[in-house]
Amino acid sequence: KNQVEQSPQSLIILEGKNCTLQCNYTVSPFSNLRWYKQDTGRGPVSLTIMTFSENTKSNGRYTATLDADTKQSSLHITASQLSDSASYICVVSEGGSYIPTFGRGTSLIVHP
Amino acid sequence: GAGVSQSPSNKVTEKGKDVELRCDPISGHTALYWYRQSLGQGLEFLIYFQGNSAPDKSGLPSDRFSAERTGGSVSTLTIQRTQQEDSAVYLCASSSGTRGTSTDTQYFGPGTRLTVL
Numbered sequence: 001k002n003q004v005e006q007s008p009q010s011l012i013i014l015e016g017k018n019c020t021l022q023c024n025y026t027v028s029p030f031s032n033l034r035w036y037k038q039d040t041g042r043g044p045v046s047l048t049i050m051t052f053s054e055n056t057k058s059n060g061r062y063t064a065t066l067d068a069d070t071k072q073s074s075l076h077i078t079a080s081q082l083s084d085s086a087s088y089i090c091v092v093s094e095g096g097s098y099i100p101t102f103g104r105g106t107s108l109i110v111h112p
Numbered sequence: 113g114a115g116v117s118q119s120p121s122n123k124v125t126e127k128g129k130d131v132e133l134r135c136d137p138i139s140g141h142t143a144l145y146w147y148r149q150s151l152g153q154g155l156e157f158l159i160y161f162q163g164n165s166a167p168d169k170s171g172l173p174s175d176r177f178s179a180e181r182t183g184g185s186v187s188t189l190t191i192q193r194t195q196q197e198d199s200a201v202y203l204c205a206s207s208s209g210t211r212g213t214s215t216d217t218q219y220f221g222p223g224t225r226l227t228v229l
């Protein structure tokens, strides 16, 4: 069964600090991995997408990495802002399937 | 432009009642998904519509759940005889891909929070 595991479950950091969120998956065959940001009361919004051949992708202060050999990804947030407080969801898609597998998310709280 | 909209934003109902949840996808998007997000859980796939093709209903948890999409646009998710375990946020997403590939970006609505008392 395809699985996506995220850690930590929750994280509290001070404004301006950096943080890294982790994602491990067992989805096979692998097609692509996305990181989504979900603000409270909103739907998820795509931050980055990486395919097998890509090992890093940036979107502003967000940088995602992918190691397809170890089936691990990370999302690094630089110089955090209060608006970064949200749930970050790792989503992995299987080759040939349009139904992705979602992780449970990491809840990030940025304090002033 | 307008994004994906869902209504109602919140719905409180009594156990045993039927509910209808509505999704208006982005204009021109042929693919539409319904997901369920329970507290502390990842999004759970429910159903997928692609153009005029027969929907993929493989994620519907029971025959109390059904969905339709009229005219290739608006979709309605119906839950009959609601149970307390149906309480969750129901999210709708649409994408422009015509082949339903996994690289198509899904755009999510804000969700409907359903509470079954």
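If you read the protein sequences in the order shown, they are chains A and B. Under the working numbering, the residue at position 57 of the first sequence is numbered 57, and the numbers go up by one with no gaps. Heads up: take any position in the second sequence, counting from 1, add 112, and you land on the working numbering. Cβ coordinates follow ideal geometry from the N, Cα and C atoms, glycine included.
From the beta carbon of residue i, is the nearest beta carbon of chain B less than 8 Å away?
i, result
"A:V4", "yes"
"A:I99", "yes"
"A:N32", "yes"
"A:G60", "no"
"A:S85", "no"
"A:P44", "yes"
"A:I49", "yes"
"A:F102", "yes"
"A:G16", "no"
I'd like to know whether the C-beta of residue i is nearer than 8 Å to at least one C-beta of chain A.
i, result
"B:G140", "no"
"B:G152", "yes"
"B:Y160", "yes"
"B:L172", "no"
"B:L155", "yes"
"B:L189", "no"
"B:L133", "no"
"B:L144", "no"
What residue range is occupied by the uninterrupted beta strand (DSSP E) comprising residue i?
i, result
"A:I12", "S10 to L14"
"B:N122", "N122 to T125"
"A:T111", "It is His, not Thr, that sits at residue 111 of chain A in the sequence shown. Residues T106 to H111."
"A:T40", "A:T40 -> no beta strand (DSSP E), and no H or E assigned at all."
"A:T98", "For clarity, residue 98 of chain A is Tyr in the given sequence; the question names Thr instead. Taken as a continuous stretch (DSSP letters only), A:Y98 belongs to no beta strand (DSSP E), as it is neither H nor E."
"A:H76", "Q72 to I77"
"A:V27", "Counting along the chain, A:V27 falls outside any beta strand (DSSP E), and DSSP gives it neither H nor E."
"A:T113", "The structure shown does not extend to residue 113 of chain A, since chain A is modelled only from 1 to 112, so the question has no answer here."
"B:D300", "This structure does not reach residue 300 of chain B, given that chain B is present from 113 up to 229, and the question cannot be answered."
"A:L82", "From DSSP, A:L82 is part of no beta strand (DSSP E); its letter is neither H nor E."
"A:V4", "V4 to S7"
"A:T56", "T56 to N59"
"B:V228", "T224 to V228"
"B:S117", "S117 to S119"
Threshold first: 3 residues or longer. Then list the beta strand (DSSP E) segments lying entirely within the stretch 145-200 of chain B, N to C. 156-162, 177-181 and 187-191
How do the stretch 90-99 of chain A and the stretch 17-33 of chain A stand: do at least 3 beta-carbon pairs fall below 8 Å, yes or no? yes
Quick one: which residues of the stretch 212-229 of chain B get their C-beta closer than 9 Å to a C-beta of chain A? List them in chain order. G212, T213, S214, T215, D216, T217, Q218, Y219, F220, G221, P222, G223 and R225
Between the stretch 30-41 of chain A and the stretch 79-90 of chain A, do at least 3 Cβ pairs fall closer than 8 Å? yes
Report yes or no: do three or more beta-carbon pairs, one from the stretch 133-144 of chain B and one from the stretch 161-169 of chain B, lie closer than 8 Å? yes
Please confirm if the stretch 67-82 of chain A is in contact with the stretch 15-24 of chain A, defined as three or more CB-CB distances below 8 Å between the two stretches. yes
Would you call the stretch 213-222 of chain B and the stretch 41-49 of chain A in contact, with 3 or more CB pairs under 8 Å? yes
Does the contact criterion of 3 or more C-beta pairs under 8 Å hold for the stretch 97-110 of chain A versus the stretch 3-16 of chain A? yes
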